[in-house]
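Enquirer: Mind looking over this structure? Questions follow.
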Amino acid sequence: MYYEAIVIGVSSGGMKALKFLSSSLPIHFSIPIIIVQHLSSKSDSHWIHLLNEKSQLNVKEVDEKEKITKGYIYIAPPNYHLMIEKDQTFSLTIDERVNFARPSIDVLFESAAEVFKNKLIGIVLTGSNSDGTNGIIRIKKYGGLAIIQDPTTAESEYMPKSAIAAIIPDHVLSLEKIIELLLKIDHKNK
Amino acid sequence: MRNKETSDLEISLLLEAIFQKYGYDFREYSQAHIRRRIMNRMAVSQFEDIAEIQSKVLNDATFASEILQDLSITVTEMFRDPLFYRSLRENVIPILKTYPFIKIWHAGCATGEEAYSMAILLQEEGLYERTTIYATDFNQMALNRAKDGIFSNKMIKEYTSNYQLAGGKESFSNYYTSNYDNVIMNQSLKKNIVWANHNLVTDSVFAEVNLILCRNVLIYFDKNLQNKVQTLFYNSLINGGILCLGSKESLRFSDLYAHYIELDTKQRIFKKKY
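So the protein lines, in turn, are chains A and B. Terminal number for the first sequence in UniProt numbering: 190, no gaps in between. Terminal number for the second sequence in UniProt numbering: 274, no gaps in between.
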């Protein structure tokens, strides 16, 4: 199976999880990663600079119409929904909040599922609401791979638990094991 | 699950039908966005497929106007992105002060919150009396609400905080009166705002203006349409005129980038070269 993209949804507890994730992936990791993290609508880009400094990959905030490229970890800007177009470029919108969130994980996951179909990996990490659940359902419907953070290892168990209750996940793992799995998948991907 | 390619085709036929019958052109909008709105409508109204929406749109004008509302974005707020308004005050007001009369075009004003914000800012800077703000949108329902200037008081706390962050000089409550669950914007703010129906996609140059404000509209368009609208803006601005875009919108990929100077890169404020 050749995977074209990884989408990740993360909410409360996400700072630690994303720091770990972005600093653990090696420079040759070849699947683009797209992240929705719930942040205050007024937060600035300082956080992304910090992640970028600690990562061997390029961590950046999404620019609208930007083409998805390997070697990058993209993060949705605060106060915008992030969607993916058929030509694998990004769109931003200011539509109403979904699950009280903008960006919403569901909005990203659903549009990514429609574009990448079974060549998509969806990952739900720590968080204290149910955003991401509808999205991971859609990813599974299109034949994508669903990885959920083991709730017992998550800072906030609600979001991963909600996802696990809605689908049969392919993997339920700690962050460390998720990294191991992604490295294995990436190795086979080449 | 219905075949994605088939539904893509049905969506493009639906957009074609809306354009042919009613003249509203969504054919060069972001597809992911349109798709999401149509799918929401299907779920809400329990349609079997998109073709069914198309047939109803063609035969039922009331339903067609509901679909127009679905496809039109009216999410906005007073002093949205306060630091942008602060930059307007610091970097743009001094330029506007040099003109005897000022014309501002607020394109895609939706329900008008940002037009009122602009009026407040100009009033505080002593410029409002010699300014006309043309606030336009293709969505007549939104325009009517804008004209009324009545907003829910649920948002006032956030708007007040935005206003202060934007460098507001008064108490925000000076600009409205409360009425039950709503606030009514002061008549003095409405005085020089001209609300007009204008469609950026299908209509031509609106007026020659000193400043264009168009924020979070272009993100909904594809690259081709973005370029067309940028040309429209360029042709509507006087030399030295100011273009203000949304905080995630860029001119950098536009053919016209070289014809502007960046006044504030982060807040996306540009000045047309002489």
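Yeah, the Cβ is synthetic: ideal placement off N, Cα and C, and Gly gets one too.
Give, in chain order, every unbroken run of the alpha helix (DSSP H) that is at least 4 residues long and sits entirely within the stretch 75-136 of chain A.
Expert: Taking only runs of at least 4 residues, the alpha helix (DSSP H) segments lying wholly in the stretch 75-136 of chain A are 105-116.
Enquirer: Counting only C-beta atoms, is residue 114(B) closer than 9 Å to chain A at any point?
Expert: Working through the second sequence from its first residue, we reach residue 114(B) at position 114. Closer than 9 Å: no.
Enquirer: Can you find the residues in the same chain that come closer than 7 Å, C-beta to C-beta, to residue 143(A), ignoring five residues on each side of it along the sequence?
Expert: Locating residue 143(A) in the first sequence gives position 143, where the first residue counts as 1. Counting only Cβ-Cβ distances below 7 Å, and skipping sequence neighbours, we find 117 and 118.
Enquirer: Terminal residues of the continuous beta strand (DSSP E) containing residue 226(B)?
Expert: Along the second sequence, read from residue 1 onward, the residue named residue 226(B) stands at position 226. Counting along the chain, residue 226(B) falls outside any beta strand (DSSP E), though it belongs to the alpha helix (DSSP H) covering 223-236.
Enquirer: Looking only at its own chain, which residues have a Cβ that is under 8 Å from the Cβ of residue 108(A), when we skip the five neighbours before and after it?
Expert: The residue you call residue 108(A) lines up with position 108 of the first sequence. Same-chain partners within the cutoff: 7, 9, 34, 36, 76, 81, 82, 83, 84 and 135.
Enquirer: Which residues in chain B sit within 9 Å of residue 145(A), going by Cβ to Cβ distance?
Expert: Counted from its first residue, the first sequence places residue 145(A) at position 145. Correct list: empty, because the minimum Cβ distance to chain B is about 17 Å.
Enquirer: By DSSP's criteria, residue 171(A) is part of a beta bridge. Which residues make up the other side?
Expert: Position 171 of the first sequence, counted from the start, is the residue given in the question as residue 171(A). 147(A).
Enquirer: Assuming residue 273(B) and residue 260(B) form a contact by the criterion Cβ under 8 Å, report the distance between their Cβ atoms to the nearest whole angstrom.
Expert: The residue you call residue 273(B) lines up with position 273 of the second sequence. The residue you call residue 260(B) lines up with position 260 of the second sequence. With 8 Å as the limit, residue 273(B) and residue 260(B) qualify as a contact, their Cβ atoms being about 6 Å apart.
Enquirer: What residues in its chain sit with their C-beta under 6 Å from that of residue 24(A), if we drop five residues either side in the sequence?
Expert: On the first sequence, position 24 is the one that residue 24(A) refers to. The residues are 179.
Enquirer: In this structure, does DSSP put residue 190(B) in helix, strand or coil?
Expert: Numbered from 1 along the second sequence, position 190 holds the residue referred to as residue 190(B). Looking at residue 190(B) - three-state DSSP - the assignment turns out to be helix.
Enquirer: Thinking C-beta only, is residue 14(B) closer than 9 Å to residue 54(B)?
Expert: What you label residue 54(B) is simply residue 54 of the second sequence in a count that begins at 1. What you label residue 14(B) is simply residue 14 of the second sequence in a count that begins at 1. Against a cut-off of 9 Å, the Cβ pair of residue 14(B) and residue 54(B) comes out as a contact.
Enquirer: Based on the DSSP output, what are the partners of residue 272(B) in its beta bridges?
Expert: Along the second sequence, one-based indexing puts residue 272(B) at 272. Paired residue(s): 260(B).
Enquirer: Are the stretch 233-242 of chain B and the stretch 137-153 of chain B touching, with three or more C-beta to C-beta distances below 8 Å?
Expert: Because the criterion of three Cβ pairs below 8 Å is not met, the stretch 233-242 of chain B and the stretch 137-153 of chain B do not touch.
Enquirer: If distances are taken between C-alpha atoms only, which option among 263(B), 199(B), 242(B) and 168(B) comes closest to residue 229(B)?
Expert: What you label residue 229(B) is simply residue 229 of the second sequence in a count that begins at 1. Checked all of 263(B), 199(B), 242(B) and 168(B); the closest Cα to residue 229(B) is 199(B).
Enquirer: Anyone know if the C-beta pair for residue 105(B) and residue 146(B) falls short of 9 Å?
Expert: Counting from one through the second sequence, the residue named residue 105(B) turns up at place 105. Counting from one through the second sequence, the residue named residue 146(B) turns up at place 146. Not closer than 9 Å, so no.
Enquirer: Could you tell me if residue 9(B) is buried or exposed, where buried requires 16 or more neighbouring beta carbons within 10 angstroms of its beta carbon?
Expert: Position 9 of the second sequence holds residue 9(B). Label assigned to residue 9(B): exposed.
Enquirer: Starting from the N-terminal side, write out each stretch of the beta strand (DSSP E) that is 3 residues or longer and does not extend beyond the stretch 123-178 of chain B.
Expert: Taking only runs of at least 3 residues, the beta strand (DSSP E) segments lying wholly in the stretch 123-178 of chain B are 131-137 and 150-152.
Enquirer: Given a threshold of 16 other Cβ atoms within 10 Å of its Cβ, counted over all protein chains shown, does residue 61(B) qualify as buried or as exposed?
Expert: Translated into the one-based positions of the second sequence, residue 61(B) becomes position 61. With fewer than 16 Cβ atoms within 10 Å of its Cβ, residue 61(B) is classed as exposed.
Enquirer: I want to know whether the stretch 69-79 of chain B touches the stretch 104-121 of chain B - three or more CB-CB distances under 8 Å.
Expert: At 8 Å Cβ cutoff, the stretches touch.
Enquirer: Starting from residue 32(B), find everything on chain A with Cβ-Cβ shorter than 7 Å and list it in chain order.
Expert: Counting from one through the second sequence, the residue named residue 32(B) turns up at place 32. By Cβ distance, chain A contributes 83, 84, 85, 91 and 111.
Enquirer: Does the stretch 148-159 of chain A come within contact of the stretch 171-178 of chain A, defined as at least 3 CB pairs closer than 8 Å?
Expert: Yes, the stretch 148-159 of chain A touches the stretch 171-178 of chain A.
Enquirer: Strictly by DSSP, which residues pair up with residue 31(B)?
Expert: If you number the second sequence from 1, residue 31(B) lands on position 31. Answer by DSSP bridge pairing: none, since residue 31(B) is not bridged.
Enquirer: Assign residue 198(B) to one of three DSSP states: helix, strand, or coil.
Expert: Residue 198(B) sits at position 198 when you count from the first residue of the second sequence. Residue state, collapsed to three classes: coil.
Enquirer: Quick one: what does DSSP say residue 57(B) is sitting in, helix, strand or coil?
Expert: Taking the first residue of the second sequence as position 1, residue 57(B) is located at position 57. Helix, per DSSP.
Enquirer: Give me the Cβ distance between residue 191(A) and residue 133(A), rounded to the nearest whole Å; I'm assuming they're in contact under 8 Å.
Expert: Outside the modelled stretch of chain A, which goes from 1 to 190, sits residue 191(A), for which no answer is possible.
Enquirer: If contact is defined by three or more beta carbon pairs under 8 Å, each pair taking one atom from either stretch, is the stretch 157-166 of chain B in contact with the stretch 207-226 of chain B?
Expert: They do not touch, by the three-pair rule.
Enquirer: Indicate the three-state DSSP secondary structure (helix, strand or coil) for residue 14(A) in the structure shown.
Expert: If you number the first sequence from 1, residue 14(A) lands on position 14. Three-state result, residue 14(A): helix.
Enquirer: Hey, out of 83(B), 183(B) and 71(B), whose CA is closest to residue 165(B)'s CA?
Expert: By one-based count along the second sequence, residue 165(B) stands at place 165. Among 83(B), 183(B) and 71(B), the Cα nearest to that of residue 165(B) is on 83(B).
Enquirer: How far does the beta strand (DSSP E) with residue 35(A) in it reach, from first residue to last?
Expert: Here residue 35(A) refers to the residue found at position 35 of the first sequence. First-last of the beta strand (DSSP E) with residue 35(A): 33-37.
Enquirer: Name the one or two DSSP bridge partners that residue 275(B) has.
Expert: Outside the displayed span of chain B (1 to 274) sits residue 275(B), for which this structure offers no information.
Enquirer: From what residue to what residue does the beta strand (DSSP E) around residue 184(B) run?
Expert: On the second sequence, residue 184(B) is found 184 positions in, with the first residue counted as 1. Here the beta strand (DSSP E) through residue 184(B) covers 182-185.
Enquirer: Are the Cβ atoms of residue 183(A) and residue 29(A) separated by less than 9 Å?
Expert: As a first step, residue 183(A) is located in the first sequence; it is residue number 183 there, counting from the start. As a first step, residue 29(A) is located in the first sequence; it is residue number 29 there, counting from the start. Yes. Within cutoff.
Enquirer: List the endpoints of the continuous alpha helix (DSSP H) containing residue 54(A).
Expert: In the first sequence, residue 54(A) corresponds to position 54, counting from 1. Note, residue 54(A): alpha helix (DSSP H), 46-54.
Enquirer: State the Cα-Cα distance for the pair residue 169(B) and residue 67(B), rounded to the nearest angstrom.
Expert: Indexing the second sequence from 1 puts residue 169(B) at position 169. Indexing the second sequence from 1 puts residue 67(B) at position 67. Each residue's alpha carbon lies about 41 Å from the other.
Enquirer: Residues of the stretch 53-69 of chain A with a CB closer than 9 Å to any CB of chain B: list them in chain order, please.
Expert: Listed by position along the chain: 61, 62, 63, 64 and 65.
Enquirer: Provide the residue(s) that pair with residue 60(A) in DSSP beta bridges, ordered along the chain.
Expert: Counted from its first residue, the first sequence places residue 60(A) at position 60. Looking at the DSSP assignment, residue 60(A) forms a beta bridge with 74(A).
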